[in-house]
Every structure is written in C-alpha cells, then in structure tokens.
DNA sequence: CGAGCCATTGACGACTCTCAAGAATAGTGG
DNA sequence: CCACTATTCTTGAGAGTCGTCAATGGCTCG
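Protein chains in written order, with the working numbering: chain H, 67 to 310; chain W, 67 to 310.
In structure tokens:
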C-alpha cells in the first residue's frame, strides 16, 4: 500500500478531468442544475451515480470528526466525479456557483465501460493521473511554506483559467479565500496576508475578490518552488525532461 | 480534475497493495534481490517494468529541486509498484532492508490484463483505493498536529505489523525516524520528541529502535483524531479515559 | 440603508523548525 | 572480542512561521 494509512475497506475515487471519450457516455443524460452552496452529494451518501460537470465550479470536501474541513480538490466543466468501487462516497461535492451536470448510474457506467475497451483505458489512465495529482498535493502539504503553496496554487489556477479561455495573465478564482485555505492546509488569514505580500512585491494585483492579475509570472514560478515539469509556460504539449 | 494541480501530462500511479489475483501474474518471473539502500528504480527513469514486492520493505521517495525529500509511502510484501501510463517514473523506490521482488514488463503486464477482465477490475479497484489512501494522507498533512500525525501513523503500522503476523501490540518499524519524519511532513526531532512524550504518558514503550510496544491503544486512537468509532478495549482490561 | 458574509490587518502566542550537542546503536577493523 | 567510527536517535535552547483572537472595512443582497 502506498501510504500506511488504514483504509482497507474503502475504495473510492475521485474526480477525473479532461475525460476524453468518457464524457460521451453522459450524452443521453438530462442536464441538471444546482445553485451555489448546494451539494451534488454528501460524504457518506450511498454511491449510486457517477457525475459529469458541464458548467460551473464545485469543491470536494471532507469533514473531520471534530468539525475541521478539508478541501481535497475543485471541479469544473468536463470533470467526472463519483467513480467508485465502494458503496458510499468518501467526500461531499458542493457547488461554488451555478452548476450544470449530468449523471449516470454506476451500473450503466460500468456496462458501457465493459463494452468499450478504449474507455476502460481512458478511465485507468485518468485514475493514474488522479493519483499523481494527489501525490503532488501531498508533497505540497508535506514540506512547502505558505508562500510556496499559494504560488503553486495560483499557477495551477492560472493554467486552468487560461485553458478555459481566459486572458493569459488573469486568474479566475471561483472559490473563497477560506476554500483556498482549506485546500492548502492554511488559515484564511495566512492566505490573505500572503496575497497581500505578493501584491506588495509587484508580482500580482488582487483588486477584485475573485480575480487576480499576474504581473510577474516568473517570480511566481520561482516562489512556487519546483514547478518541476510544468515550470515553463505550458500550454504547448512539449514535455521537458524532468531531472532533479 | 480533483486537485487543481498542474500535471496534465503525467499519469503515473502508484503502489498497490494486497493485490489479489494481480500477484499471480508475476509467478513466472525470477525473484530478484536487493540490499538496504539500493533502488528498484529512480525518479525520472524510463518506466518499463511493473514490480511485485515479495519480501522486505521499501520507501517511495520524491525529491524536490532544492534537495528536500518527501516519502509518499512505504511498501512491503504483496505490494505492486510501477503501474503507470507515462514513460517515466515519478518517484524512486528504495529498499529499507533486504528485499526480494519480481518484475514484469509493462507490455506483458498490459497484455495479461487485456486477457483477464477480473484482473482489470482488481487493478481499477486498487487504483481507487490508492487515491483514497493518498487523500487520507492529504487530510492528515493538511490539518493535523504532529501528535495526531504520529499516532495515526503508528496505528497504521500496528495494523500492518499485526496483519503480517506480529504480536497484537507490537509495532515493527522498518524505517528510520527520518523516514517517518519525511513521510509525515515533520522533522526528525519532532518525531523523536513526540514518541518520547507518548512514552512518558504511558501510551507506548519505545525501548528498541525499530520496535514500539503499544500500551494503551485507545489513547493512541483518540490522539490520532478521527480514528472514529471503533472502541478501544485494547490490550489490558484497564482502559482509562484519556482526554487531551 | 442595514444585515451579513467575506476579506484584510494587527497583536500575540504556540507549535514546530533550526541549530547544536550529546547519547545510544550499529558497523568495521584490528 | 574489543576498540573505534559512523550513523541514528535523543534532548535542549532559541527563533520563526503560522495559527488564534480580535477589530475593521468592504461587498452583496434583501
């Protein structure tokens, strides 16, 4: 087992992005809508459906027994969530804004998958991707400072914003500062202070609440510490050698 | 995408444990040996094989550009590592003691999988499990104190030790304190101090370096935060309520 | 316009890291 | 078998980062 954690009985995963052909499976499902603050499902619910996000943004939360909340990820258009081999969801998924999504029962999702080897491969591949992302986040949480965490997060959001058709230097943040804090393992105050500091250094400008302007991307990358492979300006498919 | 991290080009996974039928695939592979400190493979190596651990213990490491090291997991007998959809490994795997393992080329691993739907399902299931474990670790790193982290870690190792046939209250630790620290996102000093503190409270006894005796499992669970409901009882009848 | 949420900013304190030294253990060679 | 060395672990003192508590300000919405 990768980590030494005790969760022998659970096998759930996760949220899958950019799900190539997989999204096609949902084509015949009706579109459902959700307003900000509402959940697609809750932690502990019986896991009977798989969902595809079509519009809007969501957060994936887990609750600790003492009330602490952790955000393990964010979702947006094109992501799939709820894929699972267990019968209960391990996390809640909550809308950050107006969301449109489609659903498929796990049973029919499985059936389609059996019939389509290409999609099975896509799913497997996306699952591997998912693990890599989770491990990246582990590294981030393991040993990065508040500034490094925030810079890494902002760069990731920048890429996401751009790939969804935004300006090349504008970060769109559908989530609140508190969400960011819960995602990065920080407090809202630290997130706020760090943003202020970066703004003071002329690296970015955060006039609006949900929009951050990147002024010096290179500085941001430097402070993110090891952007590793994606250090460069991405977007093109050129894979660079990652040596350390 | 679950996390907002930027790793669009990588899809690797992970280490799979308790790999039901999957282990059978390696039956015809010769057994290879490795002594402590040696690697099965390094981060950045071309990913051409999948490996099954037969004996001994290993650690999974990632290196940051500035030299910081993170341990993302530990492996032992029955675990599979190297499953990947990318052509380079994202982490190193290094022996903690004398290790015996077998290998299979990715190509033949894939071939076998195509022929065996049951194994495909097992793999998918294990991948989901893997993600769940990684997310548990994210939660731990996100918002748990040093004491909570260590207690959770020790409980997991206890379970692992017991399931491998050890005494019900003895934790076997094949790794060093530094490894534990790098796994939990702490320093070696903090790990050491925390163990000393727990020993001072009569919760455990750590006379030997690689062996910890659990004296009050219930207290350990309580301090792990969210070990949740499974009541203690533990080892002796005298279960005392321990508040923090 | 007031209520409520969200974000910012400040002061303070605690937890953990850093630096440093010493003790215990393991490994090596005589 | 016993020094001798190297590594690992423990313990201490001090510092720094980040969390906690608290107050203020800005935005949104009824």
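All C-beta atoms, glycine included, are put in the ideal place defined by N, C-alpha and C. Treat the numbers as computed from the prediction; the structure is a model and nothing was measured.
Margin query: Using a Cβ-Cβ cutoff of 9 Å, what residues of the segment 182-206 of chain H are near chain W? List them in chain order.
Written below: Listed by position, the residues of the segment 182-206 of chain H near chain W (Cβ gap below 9 Å) are 183, 186, 187, 189, 190, 191, 192, 193, 194, 195, 196, 197, 198, 199, 200, 201, 202, 203, 204, 205 and 206.
Check: Considering only residues of the same chain and omitting the five flanking positions on each side of residue 175 of chain H, which have a CB-CB separation below 7 Å?
Finding: Apart from sequence neighbours up to five positions away, the residues of its chain that approach residue 175 of chain H with a beta-carbon distance below 7 Å are 91 and 116, ordered along the chain.
Note to self: Considering only heavy atoms of the ligand GTP, does any lie closer than 7 Å to the CB of residue 119 of chain H?
What the structure shows: For the structure depicted, the ligand GTP is absent and the ligand set is empty, with no information on it obtainable.
Margin query: Judging by CA-CA distance, which residue of H/287, H/208 and H/162 is the nearest neighbour of residue 122 of chain H?
Written below: That would be H/162, whose Cα lies nearest to the Cα of residue 122 of chain H.
Margin query: Please state the DSSP three-state secondary structure of residue 233 of chain W.
Written below: Secondary structure of residue 233 of chain W (DSSP, three-state): coil.
Notebook entry, point to check: Going straight from the alpha carbon of residue 191 of chain H to that of residue 168 of chain W, what length do you get?
Noted result: Residue 191 of chain H and residue 168 of chain W: Cα-Cα distance of roughly 24 Å.
Item checked: Under 9 Å by beta carbon: chain H residues contacting residue 291 of chain W -> Going along chain H in sequence order, the residues near residue 291 of chain W (Cβ under 9 Å) are 130, 131, 132 and 134.
Checklist line | Same chain, Cβ closer than 6 Å to residue 187 of chain W, neighbours up to 5 away in sequence not counted | finding: Cβ within range, chain order: n/a, list empty.
Item checked: Beta-carbon gap between residue 207 of chain H and residue 204 of chain W smaller than 8 Å -> In contact: residue 207 of chain H and residue 204 of chain W (Cβ atoms closer than 8 Å).
Notebook entry, point to check: Fully enclosed by the segment 130-184 of chain H, which beta strand (DSSP E) runs are 3 residues long or longer?
Noted result: Taken in chain order, the complete beta strand (DSSP E) segments of 3 residues or longer contained in the segment 130-184 of chain H are 135-141, 158-161 and 165-171.
Next item on the list: Grab me the residues of residue 290 of chain H's own chain with a C-beta within less than 7 Å of its C-beta, minus the 5 sequence neighbours each way, in chain order.
Entry: Excluding sequence neighbours, residue 290 of chain H sits near 214, 217, 218 and 221.
Notebook entry, point to check: According to the neighbour-count rule (16 or more other Cβ atoms, all chains shown, within 10 Å of its Cβ), is residue 180 of chain H buried or exposed?
Noted result: So residue 180 of chain H ends up on the exposed side.
Next item on the list: Count the C-beta pairs between the segment 263-276 of chain W and the segment 101-114 of chain H that are closer than 8 Å, then say yes if the count reaches three, no if not.
Entry: No, because fewer than three Cβ pairs between the segment 263-276 of chain W and the segment 101-114 of chain H fall closer than 8 Å, the two stretches do not touch.
Next item on the list: Compare the C-beta of residue 151 of chain W against all C-beta atoms of chain H and say whether one is closer than 8 Å.
Entry: Yes, residue 151 of chain W counts as interfacial toward chain H.
Notebook entry, point to check: Helix or strand or just coil, what does DSSP make of residue 269 of chain H?
Noted result: Collapsing the DSSP output to three states places residue 269 of chain H in coil.
Next item on the list: Give the straight-line distance between the Cα atoms of residue 247 of chain H and residue 258 of chain H, rounded to the nearest whole angstrom.
Entry: Those two C-alpha atoms are separated by around 9 Å.
Note to self: On the criterion of 16 or more Cβ atoms from any shown chain inside 10 Å, does residue 210 of chain W qualify as buried, or is it exposed?
What the structure shows: Answer is buried; the Cβ neighbour count reaches 16.
Notebook entry, point to check: For residue 106 of chain W, which of helix, strand or coil comes out of DSSP?
Noted result: Residue 106 of chain W: strand per DSSP, three-state reduction.
Next item on the list: Could you spell out the range, first to last residue, of the alpha helix (DSSP H) harbouring residue 246 of chain W?
Entry: Start and end: 243-250.
Checklist line | Residue nearest to residue 156 of chain H in terms of C-alpha spacing, selected from H/173, H/130 and H/178 | finding: That would be H/130, whose Cα lies nearest to the Cα of residue 156 of chain H.
Next item on the list: Closer than 8 Å by beta-carbon distance: list the chain W residues that pair up with residue 251 of chain H, in chain order.
Entry: Chain W residues near residue 251 of chain H: 207, 208 and 209.
Check: What residues in its chain sit with their C-beta under 7 Å from that of residue 154 of chain H, if we drop five residues either side in the sequence?
Finding: These residues qualify, in order along the chain: 110, 111, 112 and 113.
Margin query: My assumption, with CB atoms under 8 Å, is that residue 245 of chain W sits in contact with residue 137 of chain W. Please give the rounded CB distance.
Written below: About 6 Å; that satisfies the 8 Å criterion.
Check: Can you find a C-beta in chain H that's less than 8 Å from the C-beta of residue 124 of chain W?
Finding: No, no contact with chain H.
Next item on the list: Assign residue 101 of chain W to one of two classes, buried (16 or more other C-beta atoms within 10 Å of its C-beta) or exposed (fewer than that).
Entry: Residue environment analysis places residue 101 of chain W among the exposed positions, since fewer than 16 neighbouring C-beta atoms fall within 10 angstroms of its C-beta.
Next item on the list: Taking residue 278 of chain W as the reference, give the member of W/238, W/250 and W/284 with the closest Cα.
Entry: Cα-wise, what sits closest to residue 278 of chain W is W/238.
Notebook entry, point to check: What are the residues that DSSP puts in a beta bridge with residue 116 of chain W?
Noted result: In DSSP, residue 116 of chain W forms a bridge with W/170.
Check: Which residues share a DSSP beta bridge with residue 99 of chain H?
Finding: According to DSSP, residue 99 of chain H bridges with H/166.
Note to self: Distance check for residue 165 of chain W and residue 96 of chain W, CA to CA, integer angstroms please.
What the structure shows: Whole-angstrom Cα-Cα distance: 14 Å.
Notebook entry, point to check: Is any beta-carbon of chain W found at less than 8 Å from that of residue 156 of chain H?
Noted result: So, interface residue.
Checklist line | Check whether residue 141 of chain H and residue 119 of chain H have beta carbons under 8 Å apart | finding: Contact annotation: residue 141 of chain H and residue 119 of chain H have beta-carbon atoms nearer than 8 Å.
Notebook entry, point to check: Looking at C-alpha atoms only, which residue of W/236, W/98, W/281 and W/128 is the closest neighbour of residue 275 of chain W?
Noted result: The candidate whose alpha carbon is nearest that of residue 275 of chain W is W/236.
Notebook entry, point to check: Taking the alpha-carbon positions, what's the residue 72 of chain W to residue 200 of chain H distance?
Noted result: Because residue 72 of chain W carries a pLDDT of 29, less than 50, the predicted location of this residue cannot be relied on, and the following value inherits that uncertainty. Computed Cα separation, rounded: 11 Å.
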